[in-house]
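**Student:**
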Amino acid sequence: MQVSRPERLANYAILMAFAVFALYPLIGIVTAALQPDTQAPGGLPNFQQAWDIGRFGSYLRASALVSIFVVGVSTVLSILAGFAFGTMRFRGSEALFYVMLVGIMVPAEAIVVPLFFDLRAIGLTDTFWALALPQVAQSVAFGTFWLRAFFRSSNRSIIEAARLDGASTWRILWQVLVPLARPALVTLVVLTFMWTWNEFLIPLVMVPTNESLRTAPLGLGFFSGQYTQGFALLAAGAVIVALPVVVLYLFLQRHFIAGMLEGAVRD
Numbered sequence: 073m074q075v076s077r078p079e080r081l082a083n084y085a086i087l088m089a090f091a092v093f094a095l096y097p098l099i100g101i102v103t104a105a106l107q108p109d110t111q112a113p114g115g116l117p118n119f120q121q122a123w124d125i126g127r128f129g130s131y132l133r134a135s136a137l138v139s140i141f142v143v144g145v146s147t148v149l150s151i152l153a154g155f156a157f158g159t160m161r162f163r164g165s166e167a168l169f170y171v172m173l174v175g176i177m178v179p180a181e182a183i184v185v186p187l188f189f190d191l192r193a194i195g196l197t198d199t200f201w202a203l204a205l206p207q208v209a210q211s212v213a214f215g216t217f218w219l220r221a222f223f224r225s226s227n228r229s230i231i232e233a234a235r236l237d238g239a240s241t242w243r244i245l246w247q248v249l250v251p252l253a254r255p256a257l258v259t260l261v262v263l264t265f266m267w268t269w270n271e272f273l274i275p276l277v278m279v280p281t282n283e284s285l286r287t288a289p290l291g292l293g294f295f296s297g298q299y300t301q302g303f304a305l306l307a308a309g310a311v312i313v314a315l316p317v318v319v320l321y322l323f324l325q326r327h328f329i330a331g332m333l334e335g336a337v338r339d
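For the sequence shown, the numbering used here assigns the number 73 to the initial residue and increments by one for each residue that follows.
Below, the structure written as C-alpha cells:
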C-alpha cells in the first residue's frame, strides 16, 4: 500500500505538532535553568548553586544505589518468573500468575501506609531496604508480565534443538533465550530504572528522618520547599534530577524502541 505525498506530509505535520507539544515544557525548563537568577546568593552558575545548596550529590547517590539494586534484582527475578510462567505448566500456574498481576493493578498509594507500619514493626523503616524492597516487588510484577509474553511466543524449535543437544533447562534459559530477549530486557531495564528513579511516595513515607537516604526526586521536593525565591535554581535542580534518566534513554533508545515494537508485534 503506497501513501500519497499529501497524506505523508499531513502525517509528518501531525507528528511534528505532537513533538513540539511534548518538548515545549522541557525546553522551557532548560531555558529557565540557564537564565541568571538574581534572587540566588553568590555569582556561581545556577547548576553549581543548585548542586551545592540542594545537596543533590548525596541525593543522586542514594537514587543511583536504590535504582541499581532494584533494576538488577527485579530483572533477574522477572526473567526466572517469566520463563516459568511462559514455558512451564504446573498446577495453579494461571492462578498464581494473576495473583502476581495484582502488583500492577493495585497502586502504591493504596498500600504504602499499611506497608509502612509492617516495615516499622520489623525495624526496616529509615533503612535502604525500606526503599528498595517495595519497589522490587512492584517491578517484578510488571517484569513477569512483560517477559512471560516474550517466552510464550519464543520459537519452540530452538528450545527443542537445544534439548536434543543435551542442554539443561538452566542453560536453555541463560544461553539461548536470554540473548534473544535482549530488546525486551533493555526495555524492561529502562522502564524499571525510570520508575524507580522517579519514585517519590515510597521514599517520602519509608525514610521520614534519615536524610542520607533521600532520593533525588524527594530531595528536589525539599529543595523547592526550602528555596522558593529563585525559579532558575529550581529549574536547574529539576534538570539535574532528570538528566540520568534522559542519558540512559538516549544511550539505549535503539534497543528500547526495538523492544517496544517487538512487544507490539507480538501482541
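Virtual Cβ for every residue (Gly too), placed ideally from N, Cα, C.
#1: Who are the Cβ neighbours of residue 143 in its own chain at under 7 Å, not counting the five residues just before and after it?
#2: Do you know how far the Cα of residue 155 is from the Cα of residue 245?
#3: How should residue 295 be labelled, buried or exposed, when 16 other C-beta atoms within 10 angstroms of its C-beta is the threshold for buried?
#4: Just checking my contact of residue 96 with residue 287 at CB under 8 Å: how many whole Å lie between their CB atoms?
#5: How about the segment 222–231 and the segment 185–201: do they share at least three Cβ pairs that are nearer than 8 Å?
#6: When you compare the CB positions of residue 277 and residue 285, do they come within less than 7 Å of one another, or not?
#7: Near residue 306, what residues of its chain come up, given a Cβ to Cβ distance below 6 Å and the 5 sequence neighbours on each side ignored?
#8: According to the Cβ coordinates, are residue 250 and residue 150 closer than 7 Å?
#9: Which two residues bound the contiguous alpha helix (DSSP H) that contains residue 47?
#10: Whose CA, out of 308, 325, 316, lies closest to the CA of residue 102?
#11: With 16 other CB atoms within 10 Å as the buried threshold, where does residue 108 fall?
#12: Is residue 114 helix, strand or coil when you go by DSSP?
#13: By alpha-carbon positions, which one of 209, 203, 255 ends up nearest to residue 273?
#14: If you draw a straight line from the alpha carbon of residue 304 to that of residue 99, how long is it in whole angstroms?
#15: Where residue 174 and residue 248 are concerned, what is the direct C-alpha to C-alpha distance, given to the nearest angstrom?
#16: Taking the CB atoms as reference points, tell me whether residue 315 and residue 258 lie closer together than 7 Å.
#17: Skipping 5 residues on each side, what residues in its chain have a beta carbon closer than 7 Å to that of residue 115?
#18: Note down the Cα distance separating residue 322 from residue 311, rounded to an integer number of angstroms.
#19: State buried or exposed for residue 216, treating a residue as buried only when at least 16 other CB atoms are found within 10 Å of its CB.
**Tutor:** In short:
#1: 261, 264, 265, 268
#2: 7 Å
#3: Residue 295 is buried by the Cβ-count criterion.
#4: 27 Å between Cβ atoms; not a contact.
#5: no
#6: Contact: no.
#7: 296
#8: no
#9: Because the chain spans 73 through 339 in this model, residue 47 falls outside it and cannot be assessed.
#10: Of 308, 325, 316, the residue nearest in Cα terms is 308.
#11: exposed
#12: Unreliable positioning characterises residue 114 in this predicted model, as indicated by a pLDDT of 47, which lies under 50. The coordinate reading is nonetheless provided below. Coil, per DSSP.
#13: The shortest CA-to-CA distance from residue 273 to any of 209, 203, 255 is the one to 203.
#14: Going by C-alpha positions, residue 304 is about 13 Å away from residue 99.
#15: 30 Å
#16: no
#17: Only weak support is given to the placement of residue 115: the predicted model assigns it a pLDDT of 45, under 50, and the value that follows is read from those uncertain coordinates. Closer than 7 Å at Cβ, skipping near neighbours: no residue.
#18: Roughly 15 Å separates the two Cα atoms.
#19: buried
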